[in-house]
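J.: Take the sequence shown: its position 480, counting from 1, is numbered 480 in the working numbering, and each next residue is one higher. Don't be surprised by glycine CBs; every beta carbon is placed ideally from N, CA and C.
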Amino acid sequence: MKKNYIIDGNEASAMGAYIFSELCGIYPITPATPMATLVDKWSSQGRKNLFNDTVKVIEMQSEVGAAAVTHGALQAGSLATTFSASQGLLLMIPTMYKMAGEMLPAVIHVAARSIATHALSIFGDHQDIYATRSTGFCMLSSSSVEDAYYMSLVSHLAAIDGKLPFLHFFDGFRTSHELNKVSLLDDNEVLKLIDYEKIYEFKRKALNIGKEITRGTSQTADVYFQNTEVRNKYYNDMPNIVNKYMEKINELAQTSYKPFNYYGDPKATHIIVAMGSVCETVKTVVDELNKNGRKTGLIEVFLYRPFSSEYLLNVLPKTVTNIAVLDRTKESGSTGEPLYLDVMEVLKHKNIHIYGGRYGLSSKDVPLKDINAVFENIFSDNPKNGFTIGIVDDVTYLSLEPKELNVDVDYKEIKVFGFGSDGMVGASKNLMKVLGEKSDYVQGYFEYDSKKSGGVTVSHLRVGPSKINAPYFLTSPDFIVISKDVYLSRYFCLENIKENGKLLISSSLNDKELNDLISYENKKEIIDKNIKVYVCNLEELNDKYSLGGKINNIMSYYMFKILNKGNEAIEDFKELIKSTYSSKGNIVVENNLNALEESEKYLEEVDNNIFVLDKSETNDKTVISEMIYRRGDNLSVSNFIDHADGTYEGGSASLDKRKISSFVPKWCKENCIQCNQCAFVCPHAVIRPFSLTDNECLEAHIDKSETIESLGEKNKNFFISVSESNCTGCGLCIKACPGKNGEKALVEGEYSVRMDKISDHLFENQDNITPFNKFTVKGVGFQKPYFEFSGACAGCGEAAYIKILTELYGKNIVIANATGCSSIYGASLPITPYKIPWMNSLFEDNAEFGLGVHSSYKKMRERIKEIMIQTKDVVDSEVKETYKEWIDNMEDDDLTLVIKDKLDKSEIPNELRILLDYIPSRKVWILGGDGWAYDIGYGGLDHVLYSNEDVNILVLDTEV
Ligand code: SF4
Ligand code: SF4
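(1) By the three-class DSSP mapping on this structure, what secondary structure does residue 443 have?
(2) Using C-beta distances below 6 Å, list every residue in its chain close to residue 917, excluding the 5 sequence neighbours before and after it, in chain order.
(3) Quick check: what's the CA-CA separation for residue 176 versus residue 187?
(4) In this structure, how does DSSP classify residue 697 when only helix, strand and coil are distinguished?
(5) Confirm, please, whether the CB-CB distance from residue 722 to residue 664 is below 8 Å.
(6) Can you tell me whether DSSP reads residue 353 as helix, strand or coil?
(7) Can you grab the Cα-Cα spacing for the pair residue 118 / residue 648, in whole Å?
(8) Bridge partners for residue 111 per DSSP, in chain order?
(9) Is it a yes or a no for the segment 481-498 touching the segment 518-538, going by three-plus beta-carbon pairs under 8 Å?
(10) Going straight from the alpha carbon of residue 200 to that of residue 341, what length do you get?
(11) Using 8 Å as the cut-off, can you tell me whether the segment 284-292 makes contact with the segment 20-40, which would need three or more C-beta pairs spanning the two stretches below that distance?
(12) Measure the alpha-carbon distance for residue 900 versus residue 850 and round it to whole angstroms.
(13) For ligand 1, any of its heavy atoms closer than 7 Å to the Cβ of residue 682?
(14) Do you know how far the Cα of residue 312 is from the Cα of residue 139?
(15) In this structure, how does DSSP classify residue 323 when only helix, strand and coil are distinguished?
(16) Quick one: residues in its chain with C-beta nearer than 7 Å to the C-beta of residue 915, no 5 flanking neighbours on either side, listed in chain order?
(17) Check residue 933 in the structure and name its three-state DSSP category.
(18) To the nearest angstrom, report how far apart residue 605 and residue 538 are at their CA atoms.
(19) Considering only residues of the same chain and omitting the five flanking positions on each side of residue 431, which have a CB-CB separation below 6 Å?
(20) Near residue 830, what residues of its chain come up, given a Cβ to Cβ distance below 7 Å and the 5 sequence neighbours on each side ignored?
(21) Label residue 674 either buried or exposed according to how many other C-beta atoms from any shown protein chain fall within 10 Å of its C-beta, with 16 as the threshold for buried.
(22) By DSSP, does residue 627 sit in helix, in strand, or in coil?
(23) What distance in whole Å lies between the Cβ atoms of residue 370 and residue 390, which are believed to be in contact at a cut-off of 8 Å?
(24) With 8 Å set as the bound, which would you pick, yes or no: does the beta-carbon of residue 387 sit closer than that to a beta-carbon of chain D?
(25) For the segment 312-322 against the segment 275-284, are there 3 or more C-beta pairs whose distance is under 8 Å?
(26) Since I believe residue 268 is in contact with residue 326 (beta carbons under 8 Å), could you give me their beta-carbon distance rounded to a whole number of angstroms?
(27) Note down the Cα distance separating residue 305 from residue 67, rounded to an integer number of angstroms.
(28) So, using beta-carbon positions, are residue 417 and residue 400 closer together than 8 Å?
(29) Taking the alpha-carbon of residue 654 as reference, which of 636, 260, 725 has the nearest alpha-carbon?
(30) Could you give the distance in angstroms between the alpha-carbon of residue 935 and the alpha-carbon of residue 848?
(31) Is residue 80 helix, strand or coil when you go by DSSP?
(32) Are residue 415 and residue 477 closer than 8 Å when you measure CB to CB?
(33) In terms of residue numbering, what span does the alpha helix (DSSP H) encompassing residue 71 cover?
(34) With DSSP collapsed to three states, give me the class of residue 465.
(35) What does residue 717 pair with, by DSSP beta-bridge criteria?
(36) Compare the C-alpha of residue 866 against each of 911, 294, 465 and name the closest.
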């Protein structure tokens with residue numbers, strides 16, 4: 001018996017993991033976190049596994065700990081599982097070797113993800129799983145959400161039967177976070193697959209009281225090798241064991257799994273070999289090409305380790321002459337990527353031409369036209385080897401030109417633009433749930449940018465009458481929804497919208513304002529393609545029912561309405577509201593239902609005549625600006641020549657100007673007591689006080705009447721400036737403002753271009769000159785921050801501390817940042833908020849990394865001192881005097897800057913000249929937030945603290 005679910009790949013995999021586990025060691029890492037979270041939730045709800053027991057879940061301090069607790073549990077006879085990805089998986093590698101060597105039936109479920117190299121990326125590819133292929137773990141790949149469940153079952157069953165550990169993986173985000181309607185086996189059916197004798201065998205093998213057993217010895221050259229080779233047999237047997245369980249599942253679930261599956265023309269001449277979600281895309285291209293007379297096919301890899309020549313040859317059509325092998329990774333300096341090398345080895349004696357190619361790094365989308373290009377390449381007279389798709393490589397010329405391919409589909413495409421935390425992703429998921437629970441098939445994929453909140457989210461939704469296997473972005477949306485009207489001025493949201501398509505915009509602007517706001521390219525799509533435009537203004541409803549900006553339910557309702565899905569589905573949606581908000585109390589439920597009832601009157605269809613094509617904008621084309629305007633996919637390889645090592649300029653955040661707040665603080669000077677508390681609490685360095693001369697007011701285009709007399713400074717004018725387009729609307733400044741006589745000096749108001757211009761000028765020219773002590777709230781407000789407009793959440797508690805740190809110590813600090821929240825808002829391209837040196841190594845080694853930076857500086861500066869002592873008698877007297885000045889004042893921030901300049905202009909030894917950049921004094925600050933703080937014990941922070949090094953540490957965690 002099977003049942004339908006609307007779930008994502010993480011949930012599908014976790015369902016299989018839960019029923020086969022007795023214990024789970026967990027530690028969260030994106031995008032595998034939901035698996036651990038779900039298992040933890042089900043355990044706390046008392047859900048039963050296949051042994052009628054509740055899974056014991058242990059959350060550890062790191063992935064090292066999660067792997068170790070899993071290892072120990074297995075040695076002591078519990079079926080144990082863990083979940084991971086990326087760096088987390090790499091941290092498990094030493095324990096993975098142990099588990100494989102000790103032949104334990106561990107299973108690690110992995111939402112495969114990129115590895116941090118020149119940059120961190122939380123998105124999906126196969127770099128992490130390939131890095132573990134020498135550990136001795138068997139490896140199973142899933143190509144879709146449904147596979148993620150069935151391969152999860154196979155990995156547990158085969159691990160127990162074959163006495164070897166398994167890594168089961170699927171594409172991070174593309175599969176782990178894709179919502180799809182799937183049909184899965186009932187637990188009672190899965191029970192039929194269990195071989196209890198094998199479980200008893202595992203339990204009997206456990207280390208236990210009454211056994212005189214030693215396991216995990218140390219060995220020497222005489223025996224280690226033989227003891228390794230003896231396990232060959234188990235690896236040789238494993239493909240048959242995997243195949244056995246796949247066949248059993250096929251029988252129960254009417255699926256057709258094999259270690260390698262063949263799809264396509266049985267007499268194909270040209271085929272692709274691949275694993276992961278791309279296989280679904282390849283199948284669509286194969287169908288289309290074969291319809292047009294080509295003979296193509298796909299070998300889809302499920303069992304990647306042990307790599308079975310026999311099973312691969314079983315499915316390879318005898319007619320094949322050309323093969324393209326696709327790897328979702330990059331192994332720099334190799335003769336080819338891993339899957340390509342495996343296929344080459346198996347087919348080395350066959351007369352087949354084999355070409356390797358790379359694709360989809362860090363979740364780069366793989367549309368049909370790129371796979372079509374791969375087939376085109378191997379059909380050509382001169383196929384490229386080591387090719388790439390999805391990018392333009394104008395440096396080494398390895399990329400293939402995309403080749404358009406139109407396929408008929410029976411589904412509708414809906415694209416929803418939201419901004420982080422506005423609930424539009426939730427609204428899209430609700431839409432999928434309600435439609436999917438009816439007769440429709442649904443697919444939902446959710447794209448996020450790098451901001452911690454307030455960033456752009458794009459939901460790619462498909463709804464149709466038959467199963468949807470399209471693991472790539474929407475190609476031609478029928479309906480586009482925009483929750484923030486300003487996106488229509490910044491981004492080409494309507495690109496590829498279908499003729500006569502529909503557009504829903506949430507906006508409080510009138511017709512003229514909307515026409516002025518929307519960019520030329522978006523308006524052209526509206527007019528040329530005869531788009532039906534609907535506008536809803538939900539501000540009034542939001543205020544009336546205290547929705548706190550969460551307009552997602554109403555937007556979902558409008559989406560239902562515009563999609564003509566009828567009243568029945570709308571009633572279902574009301575039920576969904578009740579169940580979603582029941583835990584938040586009746587008032588919240590009632591408010592949302594009432595808002596929904598009343599929402600009809602706030603939606604109107606707009607006449608397209610309001611849109612006039614009267615302007616065309618150009619933007620500077622730099623890597624940063626292209627990313628800001630969501631056109632990063634259009635950048636070619638040559639654009640990155642100067643960024644090959646991942647170096648980018650700091651301070652790009654000031655270019656972003658997101659205008660994400662629905663209000664901005666407006667200064668009421670008559671109520672201001674010049675306390676500067678507003679600037680102190682603002683995490684984003686958006687609001688700043690200035691004490692200006694008359695001339696400075698003139699230069700900034702501020703009328704003196706807009707200022708008040710500066711307290712404590714003669715002939716100066718006090719002014720509060722707000723970079724309004726960078727305000728996140730957290731409201732902290734207004735809250736903190738004491739004002740005068742019960743009246744606040746800051747109130748909510750509307751954005752104005754003029755204030756932005758004034759702020760741009762004042763912030764640029766901020767000079768730090770003030771009579772007030774900078775170690776007071778008043779004084780620090782006049783200091784220039786070197787951390788501004790970060791992508792941190794509105795009102796972030798951490799960001800305010802960092803901003804103040806930079807105001808206090810200015811340009812003489814260097815940041816060594818741990819990986820986590822603070823590194824994401826600290827340096828997520830295109831936004832770099834620091835205007836001082838900032839660097840990062842990893843989550844787990846940050847204290848040691850910072851110690852290295854600090855020690856390096858210290859060492860270089862000691863070297864300078866030695867050189868000065870050694871050469872003082874050979875340089876002229878003025879230089880000698882400067883040497884002395886520096887040695888006596890090495891830690892003086894201002895003086896050392898002047899000395900550097902002086903030495904630079906003097907005749908000095910070459911060995912000193914190359915070290916001139918180390919002349920200025922500096923302080924290394926080690927920054928860590930989130931879970932990093934919990935790792936103080938296991939990480940190197942102990943070492944730093946006990947090493948007598950005067951390194952500065954800022955732990956950014958409100959819970960510590
Ligand atoms: Fe800064 Fe928040 Fe005030 Fe905006 S509302 S200026 S982000 S404190
Ligand atoms: Fe003026 Fe209020 Fe800012 Fe104090 S917190 S400086 S009173 S605006």
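T.: The short version:
(1) DSSP places residue 443 within a strand segment (E or B) once states are collapsed to three.
(2) none
(3) 22 Å
(4) helix
(5) yes
(6) strand
(7) The straight-line gap separating the alpha-carbon atoms of residue 118 and residue 648 is approximately 11 Å.
(8) 170
(9) yes
(10) 39 Å
(11) no
(12) 24 Å
(13) Yes, Cβ of residue 682 sits closer than 7 Å to a heavy atom of ligand 1.
(14) 15 Å
(15) Note: residue 323 maps to strand in three-state DSSP.
(16) 860, 863, 864
(17) Confidence in residue 933 is poor, its pLDDT being 45 and thus under 50, which makes the residue's placement unreliable; the coordinate value appears in the next sentence. It is helical.
(18) Computed Cα separation, rounded: 15 Å.
(19) 556, 559
(20) Taken in chain order, the residues that qualify are 624, 627, 628, 652.
(21) buried
(22) Reduced to three states, the DSSP call for residue 627 is helix.
(23) 5 Å
(24) Of the chains in the structure shown, none is chain D; there is only one protein chain.
(25) no
(26) About 16 Å; that fails the 8 Å criterion.
(27) 20 Å
(28) no
(29) 725
(30) Summary for residue 935: the model assigns pLDDT 45, below 50, so the residue's position carries little reliability; its value from the coordinates is reported in the next sentence. Taking the straight line from one Cα to the other gives about 12 Å.
(31) strand
(32) It is a contact, given that the beta carbons lie within the stated cut-off.
(33) 63-75
(34) It is coil, neither helix nor strand.
(35) 692, 709
(36) 911
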